[in-house]
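Enquirer: Residue numbers (the numbering used here), protein chains in the order written: chain A, 140 to 462; chain B, 35 to 318; chain C, 1105 to 1365.
Glycine included, every Cβ here is placed at the ideal spot set by N, Cα and C.
All of these numbers come straight from a predicted model, not from anything done at the bench.
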Amino acid sequence: MASPAAVTQPRKKALSERLRGGDMVAYLLTIFFATLILLVTVYIVYELWMYSLPTLKKFGFSFIGGQIWDPNPDKNVYGALPFIYGTLVTSIVALLISVPLGVGAAIYLSELAEQKLSNILTFLVELLAAVPSVIYGLLAIFTLVPLMRDYIGPFLEKFLGWTPFFQSPIYGTGYLTAGLVLAVMTFPFIISVSREALMAVPREQREAALALGATQWESTYQIVLPYAKLGIIGSVFLGLARALGETMAVTMVIGNDTHIHASLLNQGYTIAALVANEFNEAGDVQGPALVELCLVLFVMTMLINAGARLMITLTTSKGSARA
Amino acid sequence: MTFRNKRRTAVNNVMLSLTGVFAFLTVTILILILGYLVYNGVTSLNVAFFTKLPVGPGQAGGGIANAIIGSVLVVAVASLFGLPIGFLSGVYLAEFGAGTKFAYVVRYTADLLNGVPSIVIGIFAWTVVVKPMHHYSAFAGSIALSLMLIPITARSTEQFLLEVPRAMREGALALGASKWKAIATVIVPAARKGILTGMILGVARISGESAPLLFTALGNQYWCRGLMDQTSTLPVMIYKLATSPYDDWHQQAWAAGLILLGLVLIANITARVVLTRGASVPKG
Amino acid sequence: MASPTSTPEATPAHRAKMRAENVNFFYGSFQALHNINIEFRENQVTALIGPSGCGKSTFLRNLNRINETLRGTRLEGQILLDGEDIMQEDVTTIRRRVGMVFQRPNPFPKSIFENIIYGPKINGMVKGNASEIVESSLRRAALWDEVKDKLHESAYALSGGQQQRLCIARGLAVNPDVLLLDEPCSALDPIATAKIEDLLFTLKEQCTIVIVTHSMQQAARVADQTGFFLLGKLIEFDKTDIIFKNPAKRETEDYITGRFG
Chain A
140 MASPAAVTQP RKKALSERLR GGDMVAYLLT IFFATLILLV TVYIVYELWM
190 YSLPTLKKFG FSFIGGQIWD PNPDKNVYGA LPFIYGTLVT SIVALLISVP
240 LGVGAAIYLS ELAEQKLSNI LTFLVELLAA VPSVIYGLLA IFTLVPLMRD
290 YIGPFLEKFL GWTPFFQSPI YGTGYLTAGL VLAVMTFPFI ISVSREALMA
340 VPREQREAAL ALGATQWEST YQIVLPYAKL GIIGSVFLGL ARALGETMAV
390 TMVIGNDTHI HASLLNQGYT IAALVANEFN EAGDVQGPAL VELCLVLFVM
440 TMLINAGARL MITLTTSKGS ARA
Chain B
35 MTFRNKRRTA VNNVMLSLTG VFAFLTVTIL ILILGYLVYN GVTSLNVAFF
85 TKLPVGPGQA GGGIANAIIG SVLVVAVASL FGLPIGFLSG VYLAEFGAGT
135 KFAYVVRYTA DLLNGVPSIV IGIFAWTVVV KPMHHYSAFA GSIALSLMLI
185 PITARSTEQF LLEVPRAMRE GALALGASKW KAIATVIVPA ARKGILTGMI
235 LGVARISGES APLLFTALGN QYWCRGLMDQ TSTLPVMIYK LATSPYDDWH
285 QQAWAAGLIL LGLVLIANIT ARVVLTRGAS VPKG
Chain C
1105 MASPTSTPEA TPAHRAKMRA ENVNFFYGSF QALHNINIEF RENQVTALIG
1155 PSGCGKSTFL RNLNRINETL RGTRLEGQIL LDGEDIMQED VTTIRRRVGM
1205 VFQRPNPFPK SIFENIIYGP KINGMVKGNA SEIVESSLRR AALWDEVKDK
1255 LHESAYALSG GQQQRLCIAR GLAVNPDVLL LDEPCSALDP IATAKIEDLL
1305 FTLKEQCTIV IVTHSMQQAA RVADQTGFFL LGKLIEFDKT DIIFKNPAKR
1355 ETEDYITGRF G
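1. Once you ignore the five residues that flank GLU1049/C on each side, which residues in its own chain have a CB closer than 7 Å to its CB?
2. DSSP three-state label for GLY1203/C, please.
3. Less than 6 Å between C-beta atoms, sequence neighbours within five positions excluded: which residues of the same chain meet that for LEU147/B?
4. Counting only Cβ pairs nearer than 8 Å, list the residues of chain A close to ASN46/B.
5. In chain A, which residues lie with their C-beta within 7 Å of the C-beta of GLY1223/C?
6. Using alpha carbons as the reference points, say which of LEU436/A, LEU351/A and THR390/A lies closest to ARG1201/C.
7. For LEU442/A, which three-state DSSP category applies?
8. Using a beta-carbon distance below 8 Å, is ILE280/A in contact with chain B?
9. Checking 8 Å against the spacing of the C-beta atoms, do LEU247/B and GLY175/B come in under that value?
10. Alpha carbon to alpha carbon, how far is LEU1292/C from GLU1143/C? Give it in angstroms, no decimals.
11. Going along chain C, which residues have a C-beta under 7 Å from ASN39/B?
12. Cβ closer than 7 Å: which chain C residues qualify as neighbours of ARG42/B?
13. Keeping to the same chain, check which residues put their C-beta closer than 7 Å to that of LEU187/A; ignore five residues upstream and five downstream.
14. Select from ARG1244/C, ILE1226/C, ILE1221/C and ARG1243/C the residue whose C-alpha is nearest the C-alpha of ASN1233/C.
15. With distances taken from CA atoms, which of PHE194/B, ALA289/B, VAL298/B and LEU230/B is nearest ASN74/B?
16. Between the C-alpha atoms of ALA1114/C and MET1191/C, what's the straight-line distance to the nearest angstrom?
17. Relative to chain A, which residues along the stretch 1200-1221 of chain C have a C-beta separation below 7 Å, given in chain order?
18. Does GLY260/B pass the burial test, meaning 16 or more other C-beta atoms within 10 Å, or should it be called exposed?
19. Taking its Cβ as the centre, do 16 or more other Cβ atoms sit within 10 Å of LYS1308/C, making it buried, or is it exposed?
20. Relative to the alpha-carbon of VAL1314/C, which residue among GLU1188/C, THR1162/C and PHE1130/C has its alpha-carbon at the smallest distance?
21. Taking PRO1209/C as the reference, which of ALA1246/C, TYR1260/C, LEU1184/C and SER1240/C has the closest Cα?
22. Between SER456/A and chain C, is the shortest Cβ-Cβ distance under 8 Å, so that the two count as touching?
23. Pull up the CB-CB distance for THR316/A and LEU283/A, whole angstroms please, since I reckon it's below 8 Å.
24. Are the Cβ atoms of LEU442/A and LEU369/A separated by less than 8 Å?
25. Determine whether the Cβ of ALA347/A lies closer than 8 Å to any Cβ atom of chain C.
26. Using the C-alpha atoms, what's the distance from LYS1337/C back to ASN1139/C?
27. Skipping 5 residues on each side, what residues in its chain have a beta carbon closer than 7 Å to that of TYR256/B?
28. Would you call the stretch 348-362 of chain A and the stretch 42-59 of chain B touching, i.e. three or more CB-CB distances under 8 Å?
29. Taking any Cβ of chain C, which residues in the stretch 239-253 of chain A have a Cβ under 8 Å from it, in chain order?
30. Quick check on THR1356/C: does DSSP put it in helix, strand or coil?
31. Below 7 Å on C-beta distance, what does TYR366/A contact in chain C?
32. Pull up the distance between the alpha-carbon of ASP1342/C and that of LEU1184/C, whole angstroms please.
33. Taking its Cβ as the centre, do 16 or more other Cβ atoms sit within 10 Å of HIS169/B, making it buried, or is it exposed?
34. Count the other CB atoms, across all protein chains shown, that sit within 10 Å of the CB of TYR273/B; report buried if there are 16 or more and exposed otherwise.
35. Please check if any C-beta of chain B sits within less than 8 Å of the C-beta of GLY1181/C.
36. For ILE1246/C, name the three-state secondary structure that DSSP assigns.
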């Protein structure tokens, strides 16, 4: 009789003590919600997968390479290529503009500007990152689109029309317009992350180059930039991931054309824009096809984000505290 | 000076000036955006705009009151879920789970979740809330937005908790406080400004999101009758007004855009300047 | 204006290569250097000693104008290289002619070869003879034998002492007239330190050397002349023997004998 009690008594006491102290409760509570983040993320992938199973089965890999998207009940054919193409083209156009601009600005902010000015400008640039996507779309529709249609498009066609990338028709909306909007939306990220990567370069590296007779530009371009390379590439990847998944602003200026065009002045479609426009009225096959597109988009952005974060962690020392 | 050095100096001057031009160009874009929005939006602002329901194209008057109320409702409910969950997860990451493999996995997952395109979050919320319930609702929109808010809050909470000096933690523990008591009474209060900043920025961010609401809160011509009713929200309303073919709706889009941007920027500026004096915030 | 310091007798063999005249230096409104007058002789090693914060490194960093890269700094007075005011010359040329080695080894994250050839490349000194430049620079820094088989490996694979000699070799690769060393051994162990001290004896055949050091033994061993800095002033400047055995100023004696602070 006595012996089982003697064994259980201390254990009970320990548990109640631990509960009274509250550490165990707090631990369980916080780990529960932390686990929730993990589960939800896994669940998102699972749901997307399950919901798109019908098209995964029906079209297989030909879905990715298919060029025809026809939801008419008599056709019901779905191919993802025009949207993957549009997503990639608009994002690449965006990066071609925002990377030189963003890295250049970051160089100014970390290497040249007075600390105070640098902080103020960085603050303003980070405000740009806070502007909602739909606002960019609104502005683009009424400013960039007419400019593109009446001036920039014809200008580009006149001088670069001999290449396949700048040919009529010119609508104002299209790949290039969407790319420009995305460029404005991505460079705040590129600037602020690149600036931090540049500022993490030890002062001695700059001085070593300068002491050998390098000009400030040579020291920056040949020594400081390569030193911060990984962090800068990471910032570019972050920008790219944002551009790929960006929905509203692009939906408003991409032109909604389900065919592939070589000319950047022509209209196109991105994955996110297509889903935004068609999902609410989608039929039984179209719906899963759209969700499968989301899955494709999800995988693309995941890979890029994972790569970006890895690189940023490798360059900025305070690894765990860095987002 | 030799020709070679003259050339090097010239390249140096040109390139360095160019970086300055780029930096000011980006800031100019911000100022242009703000200026253009104010210029176009301010004329359409009046009391009715804040108090009336939308009217059809061609009709005078009307407002976006239902969208404002809808946004407040959707964002408030999303914050109700997102902020506590995110906060507690952040406490786990910085304190209870510090240094563990599991915390590392959760941290990485939170970053991935933060990077999931918002439209995908919208689709997910549709499959788990709208589809089983068979109707669109403000609630579904809140779920979608809270999924975006959780990782943001978790990571910013973690970051600011980690900045609390070690001496302060050890001081509390040395007095015999249990771990959670030290966290609740010393560590979290020490980081409260930062944590609050992270939360405000997170809420500001989701307030501007429209993509996750397209298939969840949907939209509504009239007042939203409750959490389970579909509702209009500011961002989605702007999208619909801007993409319509009507001039008077475009005017309303400008005014609504001005309100939305104003709210978002005020929240950002307040949080950063007043609370943390320009402290760096998590990115991405 | 009368110079507050004595100048060691000039011997014809060692003419003055570099000279500072009435140098005052400010960080913002704080004056870090007060009216410094000193000269450095060709093929001689000059050591600058003094307690930390005395301005010796600050002074050194003015000799190749690297202080200009810090914000809010201001220099008054003249610094002459071969009789020419360095402030009037092209800054990159001055920095090529006046090399510098820093407190902590700071190789670039590149290969050993690329580290050495970087300076000659930007200064347009490479004309198909890159390998020779690299070899001769590494030989001059007594590093060649240790690294000749791994020239294309990362400079970070070297030990701290080797990295510092690599930085010396990198500085020598552009054939400087003057080599400035800013406490080059402060991050090194005694053996690596000894190697660098030995190196200075051969290097002074090729250029003028100015070394800032916190170690009086080091100054006594390697330097021909020594200057003692205190609170931003050059208290005394003379032949090393005299500074250490028979200093003229009370402050110098206190510092040398360890009675200081």
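Expert: In this structure, then:
1. Nothing can be reported for residue 1049/C: it is not among the residues displayed for chain C, which extend from 1105 to 1365.
2. Along the third sequence, one-based indexing puts residue 1203/C at 99. Residue state, collapsed to three classes: strand.
3. Indexing the second sequence from 1 puts residue 147/B at position 113. Contacts found: PRO185.
4. Position 12 of the second sequence, counting from 1, holds the residue named residue 46/B. Under the 8 Å cutoff, chain A gives THR354, GLN355, TRP356 and GLU357.
5. Taking the third sequence and counting its residues from 1, one reaches residue 1223/C at position 119. In chain order: LEU351 and GLY352.
6. For the purposes of this step, residue 1201/C is taken as residue 97 along the third sequence, with counting starting at 1. Nearest of LEU436/A, LEU351/A and THR390/A to ARG1201/C, Cα basis: LEU351/A.
7. By 1-based counting over the first sequence, the position of residue 442/A is 303. Helix.
8. Here residue 280/A is taken as the residue at index 141 of the first sequence, counted from 1. For ILE280/A, the answer is yes, since a Cβ of chain B falls inside 8 Å of its Cβ.
9. Stepping through the second sequence from its first residue, residue 247/B is reached at position 213. Stepping through the second sequence from its first residue, residue 175/B is reached at position 141. Contact flag set, yes.
10. Translated into positions along the third sequence, residue 1143/C becomes position 39. Translated into positions along the third sequence, residue 1292/C becomes position 188. Taking the straight line joining both Cα atoms gives about 29 Å.
11. Taking the first residue of the second sequence as position 1, residue 39/B is located at position 5. Result: ASP1194, THR1196 and THR1197.
12. The residue you call residue 42/B lines up with position 8 of the second sequence. The answer, in chain order, is THR1196.
13. Here residue 187/A is taken as the residue at index 48 of the first sequence, counted from 1. Once the five neighbours on either side are set aside, the close Cβ partners of LEU187/A are VAL430, CYS433, LEU434 and PHE437.
14. Here residue 1233/C refers to the residue found at position 129 when the third sequence is read from its first residue. The shortest C-alpha separation from ASN1233/C is found at ILE1221/C.
15. To locate residue 74/B, count along the second sequence from 1; it is residue 40. It is ALA289/B whose Cα lies nearest to the Cα of ASN74/B.
16. Position 10 of the third sequence, counting from 1, holds the residue named residue 1114/C. Position 87 of the third sequence, counting from 1, holds the residue named residue 1191/C. Any reading at ALA1114/C must be qualified, since the residue scores a pLDDT of 49, below 50, and its modelled position is unreliable; the value itself is stated next. For ALA1114/C and MET1191/C, the distance between alpha carbons rounds to 25 Å.
17. ARG1200, GLY1203, MET1204, PHE1206, ARG1208, ASN1210, PHE1212 and PRO1213
18. By one-based count along the second sequence, residue 260/B stands at place 226. The residue in question, GLY260/B, is exposed, as its Cβ has fewer than 16 Cβ neighbours within 10 Å.
19. Counting from 1 along the third sequence, the entry for residue 1308/C is found at position 204. Buried, because 16 or more other Cβ atoms sit within 10 Å of the Cβ of LYS1308/C.
20. Translated into the one-based positions of the third sequence, residue 1314/C becomes position 210. Considering only alpha carbons, the answer is THR1162/C.
21. As a position in the third sequence, residue 1209/C is number 105, starting the count at 1. Answer by Cα proximity: TYR1260/C.
22. Along the first sequence, one-based indexing puts residue 456/A at 317. Note that SER456/A scores 43 on pLDDT, short of 50, meaning its location in the model is unreliable; the coordinates nonetheless yield the value given after this. No - not a single Cβ of chain C is within 8 Å of the one on SER456/A.
23. Walking along the first sequence from the start, residue 316/A turns up at place 177. Walking along the first sequence from the start, residue 283/A turns up at place 144. Indeed they touch by this definition, with Cβ atoms about 6 Å apart.
24. The residue you call residue 442/A lines up with position 303 of the first sequence. The residue you call residue 369/A lines up with position 230 of the first sequence. Result no, Cβ atoms of LEU442/A and LEU369/A do not sit closer than 8 Å.
25. Position 208 of the first sequence, counted from the start, is the residue given in the question as residue 347/A. ALA347/A counts as touching chain C.
26. What you label residue 1139/C is simply residue 35 of the third sequence in a count that begins at 1. What you label residue 1337/C is simply residue 233 of the third sequence in a count that begins at 1. Roughly 7 Å separates the two Cα atoms.
27. Translated into positions along the second sequence, residue 256/B becomes position 222. Same-chain partners within the cutoff: LEU87 and ASN100.
28. yes
29. GLU253
30. Position 252 of the third sequence, counted from the first residue, corresponds to residue 1356/C. Correct three-state label for THR1356/C: helix.
31. The residue given as residue 366/A occupies position 227 in the first sequence. The contacting residues are PRO1213.
32. Against the third sequence, residue 1342/C aligns to sequence position 238. Against the third sequence, residue 1184/C aligns to sequence position 80. Those two C-alpha atoms are separated by around 20 Å.
33. The residue given as residue 169/B occupies position 135 in the second sequence. Exposed: under 16 other Cβ atoms inside 10 Å.
34. The residue you call residue 273/B lines up with position 239 of the second sequence. Classification of TYR273/B: buried, given that the 10 Å Cβ count is 16 or more.
35. Translated into positions along the third sequence, residue 1181/C becomes position 77. Taking Cβ atoms only, chain B never reaches closer than 8 Å to GLY1181/C, which makes this a no.
36. As a first step, residue 1246/C must be located in the third sequence, where it is residue number 142. Here residue 1246/C turns out to be Ala, not Ile, going by the sequence shown. In this structure, ALA1246/C counts as coil in the three-state DSSP scheme.
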